[in-house]
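J.:
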Amino acid sequence: MSVNADTDSPDILKHQTGNFKHQMKGAATTFRNEHDPFDFIRFLYEGAVAGATAGVVVESVLYPIDTIKTRLQAVHGGGKIILRGLYSGLAGNLVGVLPASAIFVGVYEPTKQMLLKSFPESLSALAHLTAGAVGGVASSIVRVPTEVVKQRMQTGQFSSAPNAVHCIVAKEGFRGLYAGFGSFLLRDLPFDAVQFCIYEQLRIGYKLAARRDLNDPETAMIGAFAGAITGAITTPLDVIKTRLMVQGSEKQYEGILHCVGTIVREEGTSTLFKGIGPRVLWIGIGGSIFFGVLERTKKLLSNSGPIHPSPDSLKQD
Numbered sequence: 001m002s003v004n005a006d007t008d009s010p011d012i013l014k015h016q017t018g019n020f021k022h023q024m025k026g027a028a029t030t031f032r033n034e035h036d037p038f039d040f041i042r043f044l045y046e047g048a049v050a051g052a053t054a055g056v057v058v059e060s061v062l063y064p065i066d067t068i069k070t071r072l073q074a075v076h077g078g079g080k081i082i083l084r085g086l087y088s089g090l091a092g093n094l095v096g097v098l099p100a101s102a103i104f105v106g107v108y109e110p111t112k113q114m115l116l117k118s119f120p121e122s123l124s125a126l127a128h129l130t131a132g133a134v135g136g137v138a139s140s141i142v143r144v145p146t147e148v149v150k151q152r153m154q155t156g157q158f159s160s161a162p163n164a165v166h167c168i169v170a171k172e173g174f175r176g177l178y179a180g181f182g183s184f185l186l187r188d189l190p191f192d193a194v195q196f197c198i199y200e201q202l203r204i205g206y207k208l209a210a211r212r213d214l215n216d217p218e219t220a221m222i223g224a225f226a227g228a229i230t231g232a233i234t235t236p237l238d239v240i241k242t243r244l245m246v247q248g249s250e251k252q253y254e255g256i257l258h259c260v261g262t263i264v265r266e267e268g269t270s271t272l273f274k275g276i277g278p279r280v281l282w283i284g285i286g287g288s289i290f291f292g293v294l295e296r297t298k299k300l301l302s303n304s305g306p307i308h309p310s311p312d313s314l315k316q317d
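Note that the sequence shown covers residues 1 to 317 in full-length UniProt numbering.
(1) With C-beta atoms as the reference, is residue 294 less than 7 Å away from residue 46?
(2) Rounded to a whole number of angstroms, what is the C-alpha to C-alpha distance between residue 217 and residue 105?
(3) Report, in whole angstroms, the separation of the C-beta atoms of residue 226 and residue 257, which I expect to be a contact under 8 Å.
(4) Taking C-alpha atoms, which residue in 230, 73, 265 and 274 lies nearest to residue 129?
(5) Apply the 10 Å Cβ neighbour rule to residue 208 and answer buried if 16 or more other Cβ atoms are within range, or exposed otherwise.
(6) Using a Cβ-Cβ cut-off of 7 Å, state whether residue 136 counts as contacting chain D.
(7) Can you find the residues in the same chain that come closer than 6 Å, C-beta to C-beta, to residue 235, ignoring five residues on each side of it along the sequence?
(8) Spatial neighbours of residue 239 within its chain, please: C-beta separation below 8 Å, excluding the five flanking residues on both sides.
(9) Leaving out five residues before and five after residue 219 in sequence, what residues of the same chain have Cβ atoms less than 7 Å from its Cβ?
(10) Given a cut-off of 7 Å on the beta-carbon distance, is the pair residue 59 and residue 97 in contact?
(11) Of all the options 122, 49, 65 and 162, which has the alpha carbon lying nearest to the alpha carbon of residue 146?
(12) Determine whether the beta carbon atoms of residue 330 and residue 132 lie at a separation below 7 Å.
(13) Taking only the alpha-carbon atoms, compute the straight-line gap between residue 170 and residue 164 and give it to the nearest angstrom.
(14) Work out the CA separation of residue 303 and residue 24 for me, nearest whole Å.
(15) Just how far apart, CA to CA, sit residue 111 and residue 265?
(16) From the DSSP output, in three-state form, read off residue 213 for me.
(17) Using a Cβ-Cβ cutoff of less than 7 Å, which residues in the same chain neighbour residue 199 once the five nearest sequence positions on both sides are dropped?
(18) Can you give me the C-alpha to C-alpha distance between residue 299 and residue 50, rounded to a whole angstrom?
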């Protein structure tokens, strides 16, 4: 059998082998990008860290406004609002806010990515709504007890978080820490879903219009708008949740419907919008800070490199 010098020479073989390796490497890279099993872990990790950071920053900065809002909603018959101790319960609240925010965003981010890959582009809003609701359900396990303790301290019932937990469990049982759980979900599931949906859709629209990524001030502006709008329309749900959570063992309200009926009958419909000013201000500013810190932290984590070794970084034979 004759040897073809044009195809079998050492230089040609070396060149063809190099091309083949380059093609295989490109194909492998494409496959990893599309089917990387570590994507879920990466989104979970980055989301959890970014969410925890954003949650703690927002809670620390805006806690006094939240305290005023809670006292406005909890008081009966237009009583006087005490402005002392506006940071009451902050330390104990941060203990719950950190893991709750980490769980929420840590679940939201990978869920959002999976849904966006599954849904057509025209249904991206539904993906964001669903991911926000899923994140809210997951984090409610921590958020509800944290909220119960925080609001009872804000209304002057307890002086410290450990004392609040001990007294609540002693008088009402472990279930006392989940007082108003149904109303919390009634408020927070639509709130989380709508806020993140508005935020994400505004980001998409803004990027398409500007034909570039958003800078930090633009992200903060969109976050503030999404927070303020969502905060305003969910105020009645927040009033109901606050009344059920702070009532303690007295059980003035038997449930959500009884709470609504009693408030409207005894105090008027306008009571359902008590605290709307501080709430919109708090959540608007909070949305600005939260989403600004969230996106900045996610970007820093992304730029720091993958959390697992890439096959390209392994020694090749």
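Ideal placement from N, C-alpha and C gives every residue a C-beta, glycine not left out. Treat the numbers as computed from the prediction; the structure is a model and nothing was measured.
T.: In short:
(1) Position 294 of the sequence shown, counted from the start, is the residue given in the question as residue 294. Position 46 of the sequence shown, counted from the start, is the residue given in the question as residue 46. Not a contact, by the Cβ cut-off of 7 Å.
(2) Within the sequence shown, the letter at position 217 stands for residue 217. Within the sequence shown, the letter at position 105 stands for residue 105. Taking the CA atoms as reference points, residue 217 sits about 21 Å from residue 105.
(3) Numbered from its first residue, the sequence shown carries residue 226 at position 226. Numbered from its first residue, the sequence shown carries residue 257 at position 257. Wrong, their Cβ atoms sit about 30 Å apart, outside the cutoff.
(4) Residue mapping note: residue 129 aligns to position 129 of the sequence shown, counting from 1. For residue 129, the closest C-alpha among the options 230, 73, 265 and 274 is that of 230.
(5) Residue numbering aside, residue 208 sits at position 208 when the sequence shown is read from its first letter. Only exposed fits residue 208, as fewer than 16 other CB atoms lie within 10 angstroms of its CB.
(6) Of the protein chains in this structure there is only one, and it is not chain D.
(7) Mapped onto the sequence shown, residue 235 falls at position 235. These residues qualify, in order along the chain: 273, 276 and 279.
(8) Translated into the one-based positions of the sequence shown, residue 239 becomes position 239. In the same chain as residue 239, and ignoring 5 residues on each side of it, the C-beta atoms closer than 8 Å to its own belong to 73, 263, 271, 272, 273, 274 and 275, in chain order.
(9) Here residue 219 refers to the residue found at position 219 of the sequence shown. The beta carbon of residue 219 sits closer than 7 Å to the beta carbons of 291, 292 and 295 from its chain, once the five residues preceding and following it are set aside; these are given in chain order.
(10) In the sequence shown, counting from the first residue as 1, residue 59 sits at position 59. In the sequence shown, counting from the first residue as 1, residue 97 sits at position 97. In contact: residue 59 and residue 97 (Cβ atoms closer than 7 Å).
(11) Locating residue 146 in the sequence shown gives position 146, where the first residue counts as 1. Ranking the options by Cα distance to residue 146, first place goes to 162.
(12) The structure shown has nothing for residue 330, since the chain only spans 1 to 317.
(13) By one-based count along the sequence shown, residue 170 stands at place 170. By one-based count along the sequence shown, residue 164 stands at place 164. For residue 170 and residue 164, the gap between their C-alpha atoms comes out near 10 Å.
(14) Stepping through the sequence shown from its first residue, residue 24 is reached at position 24. Stepping through the sequence shown from its first residue, residue 303 is reached at position 303. Any reading at residue 24 must be qualified, since the residue scores a pLDDT of 41, below 50, and its modelled position is unreliable; no value is offered.
(15) Stepping through the sequence shown from its first residue, residue 111 is reached at position 111. Stepping through the sequence shown from its first residue, residue 265 is reached at position 265. Their backbone Cα atoms lie some 42 Å apart in a straight line.
(16) Counting from 1 along the sequence shown, the entry for residue 213 is found at position 213. Three-state result, residue 213: coil.
(17) The residue labelled residue 199 in the question sits at position 199 within the sequence shown. Result list for residue 199: 222, 223, 226 and 291, in chain order.
(18) Here residue 299 refers to the residue found at position 299 when the sequence shown is read from its first residue. Here residue 50 refers to the residue found at position 50 when the sequence shown is read from its first residue. One Cα belongs to residue 299, the other to residue 50, and the distance between them is close to 9 Å.
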